[in-house]
Amino acid sequence: MRLSIEVTQEQHQRLKAVSALRGQSIKDYVLERVFQPLPEINAASEEDALRQLEAFLKPRIEAAEQGGVVNKSVQQIFEETHQEEMQ
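All you need for the working numbering is the position in the sequence shown, starting with 1, plus 227.
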């Protein structure tokens, strides 16, 4: 299967130079960079991610519980914001 992407002349020259310095073809260099091994996900990193999400959501949940919720659609908020920016 073939994959092609549009790159500028400068980008092509950079890819060519970097791959040559590594002793690789452009194809091999790009494939190596694209398919780098993913970092291992362990229980500790999952717990840390969950704590970060909880910390991010906490003030929003508290605001919702205290009635700090807007009864507008996203479209209405967008339109109001856009009108304010135009003034």
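The beta carbon of each residue, even a glycine, is placed where N, CA and C say it ideally should be.
Boundaries for SER252: no alpha helix (DSSP H) harbours it, and the DSSP string shows neither H nor E there. If you look at LEU230, you'll find it isn't in any alpha helix (DSSP H); DSSP assigns it neither H nor E. When only Cα atoms are considered, SER231 and VAL297 end up about 46 Å apart. Sequence-distant partners of GLU267 (beyond 5 residues in either direction) whose C-beta falls short of 6 Å from its own C-beta are missing from its chain.
In this chain, the alpha helix (DSSP H) harbouring PRO286 covers 270-292.
Judged by DSSP in its simplified three-state form, VAL297 adopts coil rather than helix or strand. Note that the C-beta distance between LEU265 and TYR256 is not below 8 Å. In the three-state reduction of the DSSP assignment, GLU267 falls in the coil class, being assigned neither a helical nor a strand state. The three-state secondary structure of PHE305, taken from DSSP, is helix.
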